[in-house]
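Visitor:
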Amino acid sequence: MTDAVVSDRAVPVYQTAEFERRLRRRYAAEKRFRLYGIAAIGLALGMLAVLLGSVVAKGYTAFWQHELRLEVFFDPAEIDPQGTRDPAVLAQANYNTLARNALQSVLTDAGSRDARRAAGDLLSVGAAFELGRMVMDDPSLIGTRRVVSLPVSDEVDQLLKGNVSRALPEADRQITDRQLAWIEQLEAKGDLVSRFNTRLFTNGDSREPELAGLKAGLLGSMLTLFVTLVLAVPVGIAAAVYLEEFAPKNRLTDLIEVNINNLAAVPSIVFGLLGLAVFLNFFGMPRSAPLVGGVVLALLVLPTIIIAGRASLKAVPPSIREAALGIGASRLQVVTHHVLPLAMPGIMTGVIIGMAHALGETAPLLMIGMVAFIVDAPSGFTDAATMLPVQIFMWADSPERAFTERTSAAIMVLLGFLIAMNALAVILRKRFERRW
Amino acid sequence: MVAQTQIQARADARPQGGVAPAVKMEARGVKVFYGAKQALKGIDLDVRDRQVTALIGPSGCGKSTFLRCLNRMNDTIDIARVEGLMTLDGQDIYDRSIDVVQLRARVGMVFQKPNPFPKSIYDNVSYGPKIHGLAAGKDEMDEVVEKSLQRAGLWNEVKDRLREPGTGLSGGQQQRLCIARAIAVSPEVILMDEPCSALDPIATAHIEELIDELRANYTIVIVTHNMQQAARVSQRTAFFHLGEMVEVGDTEEIFTNPHDERTQGYITGRYG
Ligand SMILES: Nc1ncnc2c1ncn2[C@@H]1O[C@H](COP(=O)(O)OP(=O)(O)OP(=O)(O)O)[C@@H](O)[C@H]1O
Ligand SMILES: [Mg+2]
Chain G
1 MTDAVVSDRA VPVYQTAEFE RRLRRRYAAE KRFRLYGIAA IGLALGMLAV LLGSVVAKGY
61 TAFWQHELRL EVFFDPAEID PQGTRDPAVL AQANYNTLAR NALQSVLTDA GSRDARRAAG
121 DLLSVGAAFE LGRMVMDDPS LIGTRRVVSL PVSDEVDQLL KGNVSRALPE ADRQITDRQL
181 AWIEQLEAKG DLVSRFNTRL FTNGDSREPE LAGLKAGLLG SMLTLFVTLV LAVPVGIAAA
241 VYLEEFAPKN RLTDLIEVNI NNLAAVPSIV FGLLGLAVFL NFFGMPRSAP LVGGVVLALL
301 VLPTIIIAGR ASLKAVPPSI REAALGIGAS RLQVVTHHVL PLAMPGIMTG VIIGMAHALG
361 ETAPLLMIGM VAFIVDAPSG FTDAATMLPV QIFMWADSPE RAFTERTSAA IMVLLGFLIA
421 MNALAVILRK RFERRW
Chain W
1001 MVAQTQIQAR ADARPQGGVA PAVKMEARGV KVFYGAKQAL KGIDLDVRDR QVTALIGPSG
1061 CGKSTFLRCL NRMNDTIDIA RVEGLMTLDG QDIYDRSIDV VQLRARVGMV FQKPNPFPKS
1121 IYDNVSYGPK IHGLAAGKDE MDEVVEKSLQ RAGLWNEVKD RLREPGTGLS GGQQQRLCIA
1181 RAIAVSPEVI LMDEPCSALD PIATAHIEEL IDELRANYTI VIVTHNMQQA ARVSQRTAFF
1241 HLGEMVEVGD TEEIFTNPHD ERTQGYITGR YG
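Protein chains in written order, with my numbering: chain G, 1 to 436; chain W, 1001 to 1272.
(1) Quick one: what does DSSP say G:E400 is sitting in, helix, strand or coil?
(2) Within 8 Å (strictly less), CB to CB, does G:P248 reach chain W?
(3) By DSSP, does G:S165 sit in helix, in strand, or in coil?
(4) What is the DSSP secondary structure of W:K1031, reduced to helix, strand or coil?
(5) Relative to chain W, which residues along the stretch 319 to 330 of chain G have a C-beta separation below 9 Å, given in chain order?
(6) If you measure from the beta carbon of G:R435 to each beta carbon in chain W, is any gap under 8 Å?
(7) Are the beta-carbon atoms belonging to W:P1129 and W:Q1175 less than 8 Å from one another?
(8) W:I1211 touches chain G at which residues, Cβ-Cβ below 9 Å?
(9) With DSSP as the reference, label W:Q1004 as helix, strand or coil.
(10) The beta strand (DSSP E) that contains G:Q65, what's its start and end?
(11) Measuring straight from C-alpha to C-alpha, what distance separates W:Q1016 and W:N1124?
(12) Helix, strand or coil: which one does DSSP assign to W:D1075?
(13) Which whole-angstrom value is the C-beta distance of G:L211 and G:G126, which I expect to be below 8 Å?
(14) Spell out a yes or no on whether the stretch 110 to 123 of chain G and the stretch 42 to 61 of chain G are touching, meaning 3 or more CB-CB pairs, one atom from each, closer than 8 Å.
(15) Could you please tell me which residues of the stretch 1062 to 1094 of chain W, in chain order, have their CB closer than 8 Å to any CB of chain G?
(16) For chain G, is any of its Cβ atoms less than 8 Å away from the one on W:K1113?
(17) Measure the C-alpha to C-alpha separation of G:A308 and G:G350 and round it to an integer number of angstroms.
(18) Just checking: is the beta-carbon of G:L332 within a distance shorter than 8 Å of some beta-carbon in chain W?
(19) Please state if the CB of W:I1043 and the CB of W:V1030 are separated by a distance shorter than 8 Å.
(20) Report the rounded CA-to-CA distance for G:M344 versus G:R431, giving the unit in angstroms.
(21) Nearer than 7 Å: is that true of the beta carbon of W:K944 relative to any heavy atom of ligand 2?
(22) Starting from G:H357, find everything on chain W with Cβ-Cβ shorter than 7 Å and list it in chain order.
(23) Helix, strand or coil for W:H1132? Go by DSSP, reduced to three states.
(24) Restricting to runs no shorter than 3 residues, where is the beta strand (DSSP E) found entirely within the stretch 198 to 276 of chain G?
(25) Give me the Cβ distance between G:V55 and G:I411, rounded to the nearest whole Å; I'm assuming they're in contact under 8 Å.
(26) Along chain W, in chain order, which residues have C-beta atoms closer than 8 Å to that of G:L342?
(27) Take every Cβ of the stretch 253 to 262 of chain G, pair it with every Cβ of the stretch 189 to 203 of chain G, and state whether three or more of those distances are shorter than 8 Å.
(28) Name the chain G residues that come within less than 7 Å of W:G1128, Cβ to Cβ?
(29) Return the residue from the list G:A181, G:A171, G:V148, G:S140 that minimises the CA-CA distance to G:L160.
(30) With DSSP run on the structure shown, which of helix, strand or coil describes W:A1152?
(31) Out of G:F279, G:P303, G:R145, G:G217, which one is the CA nearest neighbour of G:L243?
(32) Who are W:F1025's beta bridge partners in DSSP?
(33) Do you know how far the Cα of W:I1254 is from the Cα of W:Q1004?
(34) How many Å lie between W:A1203 and W:F1239 at the Cα?
(35) Check each residue of the stretch 1177 to 1203 of chain W: if its Cβ is closer than 9 Å to any Cβ of chain G, include it; give the result in chain order.
(36) Cβ of W:L1109 less than 8 Å from any chain G Cβ?
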């Protein structure tokens, strides 16, 4: 029968011009689709490159900071005239004078009161603190001469980095012509050196850009995310396992499922309001604390973890469950021995996404007081703290020129944190992965 | 066009005369509903001790459903509802006092598609004994694993690669691994749902031989679409049709002299 149909045609169907045309159209469509795909990926990568490129280009200079090498005489008459070596006395001493004396001796025309102040302004206000700390750590310095490296002020640093042009008229820059002359004098002597900016990691926030660091934000982020992780992961996995493996399928569980899906779409600031109303106002927990931040962020990421967890539990083939049930494993044993280990890579992916989300979150923290100027790094879960994104936000808001590069640098640190966290999760996931 | 003459029921090795063999499992008026849909319409069937009972019938007639009632695997399907009486050694297995986990240890199951755990061959077999505490210490466990694999006719092929994943075996080997896994918990009854449907003739022959050997120690219920297989391995055959059990009897009888014309039509390949 079929033979007859085919032989009715003069030419077999696969050799007609019509068929050729259709084949060509199909190839063209395929090629077009592939081009679209490549274009889309190219576009995405290009955007990413522009974004990262601009952040890195703007921010990498913040990892270096100029310091002034200065021979300082730790004058006993200034620091401790009575010679008591009492820490209280040492802490009270005026270390600015020491720095200014040292500057006066290396700079020309820096003798007058006015010139001494202008010269002192080349240094960061942190310079005096650092001298004080040196003396308090080691009182035997008193009476000696030492070459020390002191941070220069942010204006000087910016000028040296070329972010502020020296050619500008005096009125348009923060540095006077007299100061500029001194800077060039010190430069010529090679006393202005660029060093890796450890203060960016060892200091808390500061109004002075050259002293401002990310330690408080980094520690705040770590403490907060630790709380989030400890709360959200077990609760999320337990909820996903219960809903997927144990809960009866009825109206109530349908309702719960819909609600969880909706919860994932709730604007994050609403979770902040919840935290404010429940944890701060009702339970009276401390403001600005990583504990509260962690709990709020845990609530925020729970839906993500639950949804991803359920999806990966669902993807475990039912035959594995049947196999285990068929030899008399209890439902809990089926889950803990077979289903959960197989679903773990997928669950970990959800956790990574959730934690990355939490790491970058700012809005809910606003409501619970974590958008704050924090100088001292938090040492516990109830200390006042802030988080990296908040730190970035506050630096971006600061008018000083030097904060621009620090904002970008902070973004780089945040991205580094994120990459480190993800790398850890990927390693963990690799360990859970099994061959089928 | 299946020639009836091809089908040669294996004569039961044990004497049939006089004494009726003991009944291991018993079904009385078993009805199963999937939601509003009724899949079984009242099944009465005896499964005799240390015999192979084959369940045959066209697709969708409820063979798997019935098999899954015997170890309460249907409990895991939310919409499934079971009515009627079902006993193991005279005890109602749907009784409240019955622990379903223990029941499934006594009534093991081998599935249509080989489903080894994504673990090592050793772990696949040792899993059951481990969760039921059947082996004290490693030596005893090694022994259980070896014995189970030997009984499943797989030992010689895998004894040097016990630590390799069970999923790396061939389909037929995987199915024998699943049988070994079921045997390892020392069940009294083994349920097999089309155990050979994914296998080639040689692997199938292996499994059939195995079933024949296992009969000495275990009661076996097997679902199969292969008439020759039913004839070769079973002593009793039950024919299912549209949720009813049409006919049950000695395999030889069913294949040579079926009473119901639906049975006759099915086994001679006229419909199904
Ligand atoms: N989980 C389920 N939910 C709803 N209906 C089901 C389910 N399992 C089986 N059924 C229905 O119950 C009837 C019997 O199915 P069953 O799987 O027992 O047939 P079977 O005889 O094993 O068929 P086959 O030989 O094709 O495996 C079928 O109509 C099927 O559609
Ligand atoms: Mg079936």
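Where is the CB? At the ideal position from N, CA and C, for every residue including glycine. Please read all numbers here as calculations on a predicted model, not as lab measurements.
Guide: If we stick to the structure as given:
(1) Numbered from 1 along the first sequence, position 400 holds the residue referred to as residue 400 of chain G. Looking at G:E400 - three-state DSSP - the assignment turns out to be coil, as it is neither helix nor strand.
(2) Working through the first sequence from its first residue, we reach residue 248 of chain G at position 248. Yes, contact with chain W.
(3) Within the first sequence, residue 165 of chain G is the residue found at index 165, counting from 1. In this structure, G:S165 counts as coil in the three-state DSSP scheme.
(4) By 1-based counting over the second sequence, the position of residue 1031 of chain W is 31. If DSSP states are grouped into helix, strand and coil, W:K1031 belongs with the strands.
(5) S319, I320, R321, E322, A323, A324, L325, G326, I327, G328, A329, S330
(6) Along the first sequence, one-based indexing puts residue 435 of chain G at 435. Residue confidence is low: G:R435 scores 49 on pLDDT, short of 50, so the model does not pin down where it sits. Its coordinate-derived value is still stated next. Yes, G:R435 counts as interfacial toward chain W.
(7) Here residue 1129 of chain W refers to the residue found at position 129 when the second sequence is read from its first residue. Here residue 1175 of chain W refers to the residue found at position 175 when the second sequence is read from its first residue. Cβ atoms of W:P1129 and W:Q1175: not closer than 8 Å.
(8) Counting from one through the second sequence, the residue named residue 1211 of chain W turns up at place 211. Correct list: empty, because the minimum Cβ distance to chain G is about 17 Å.
(9) The count along the second sequence starts at 1 and reaches residue 1004 of chain W at position 4. Per-residue confidence for W:Q1004 stands at a pLDDT of 40, beneath the threshold of 50, marking its modelled position as unreliable; no derived number is given.
(10) Mapped onto the first sequence, residue 65 of chain G falls at position 65. Run containing G:Q65: 64 to 73, per the beta strand (DSSP E) assignment.
(11) On the second sequence, position 16 is the one that residue 1016 of chain W refers to. On the second sequence, position 124 is the one that residue 1124 of chain W refers to. Confidence is the limiting factor: at W:Q1016 the pLDDT is only 44, short of 50, which leaves the residue's position unreliable and the question unanswerable from this model.
(12) Stepping through the second sequence from its first residue, residue 1075 of chain W is reached at position 75. Correct three-state label for W:D1075: helix.
(13) Indexing the first sequence from 1 puts residue 211 of chain G at position 211. Indexing the first sequence from 1 puts residue 126 of chain G at position 126. G:L211 to G:G126, Cβ: 4 Å. Contact.
(14) no
(15) N1071, M1073, T1076, D1078
(16) The sequence position of residue 1113 of chain W within the second sequence is 113, counting from 1. So yes, W:K1113 belongs to the interface.
(17) Locating residue 308 of chain G in the first sequence gives position 308, where the first residue counts as 1. Locating residue 350 of chain G in the first sequence gives position 350, where the first residue counts as 1. When rounded, the distance between both Cα atoms is 5 Å.
(18) Sequence index remark: in the first sequence, residue 332 of chain G carries index 332 (1-based). Chain W contact via Cβ: absent.
(19) Locating residue 1030 of chain W in the second sequence gives position 30, counting from the first residue. Locating residue 1043 of chain W in the second sequence gives position 43, counting from the first residue. Yes. Within cutoff.
(20) As a position in the first sequence, residue 344 of chain G is number 344, starting the count at 1. As a position in the first sequence, residue 431 of chain G is number 431, starting the count at 1. Their Cα atoms are separated by approximately 10 Å.
(21) A question about residue 944 of chain W goes unanswered here, because the residues of chain W that appear run from 1001 up to 1272.
(22) The residue labelled residue 357 of chain G in the question sits at position 357 within the first sequence. Correct list: empty, because the minimum Cβ distance to chain W is about 31 Å.
(23) Along the second sequence, one-based indexing puts residue 1132 of chain W at 132. Looking at W:H1132 - three-state DSSP - the assignment turns out to be helix.
(24) none
(25) As a working note, residue 55 of chain G is residue 55 in the first sequence. As a working note, residue 411 of chain G is residue 411 in the first sequence. Right, their Cβ atoms sit about 5 Å apart.
(26) Against the first sequence, residue 342 of chain G aligns to sequence position 342. Neighbours of G:L342 on chain W, chain order: P1118.
(27) no
(28) Within the second sequence, the letter at position 128 stands for residue 1128 of chain W. Going along chain G in sequence order, the residues near W:G1128 (Cβ under 7 Å) are I327, G328.
(29) Within the first sequence, the letter at position 160 stands for residue 160 of chain G. Ranking the options by Cα distance to G:L160, first place goes to G:A181.
(30) Sequence index remark: in the second sequence, residue 1152 of chain W carries index 152 (1-based). W:A1152 falls in the coil class under three-state DSSP.
(31) By 1-based counting over the first sequence, the position of residue 243 of chain G is 243. When only C-alpha atoms are compared, the closest one is G:P303.
(32) Sequence index remark: in the second sequence, residue 1025 of chain W carries index 25 (1-based). Residue 1025 of chain W is actually Met in this sequence, not Phe. Bridge partners of W:M1025: W:V1047, W:L1088.
(33) Taking the second sequence and counting its residues from 1, the one referred to as residue 1004 of chain W is at position 4. Taking the second sequence and counting its residues from 1, the one referred to as residue 1254 of chain W is at position 254. Per-residue confidence for W:Q1004 stands at a pLDDT of 40, beneath the threshold of 50, marking its modelled position as unreliable; the derived number appears in the next sentence. About 12 Å.
(34) Here the question's residue 1203 of chain W lines up with position 203 in the second sequence. Here the question's residue 1239 of chain W lines up with position 239 in the second sequence. In a straight line, the C-alpha of W:A1203 is about 25 Å away from that of W:F1239.
(35) C1178, R1181, A1182, A1184, V1185, P1187, L1191
(36) Walking along the second sequence from the start, residue 1109 of chain W turns up at place 109. Here residue 1109 of chain W turns out to be Met, not Leu, going by the sequence shown. Chain G, which has a Cβ nearer than 8 Å to the Cβ of W:M1109, makes this yes.
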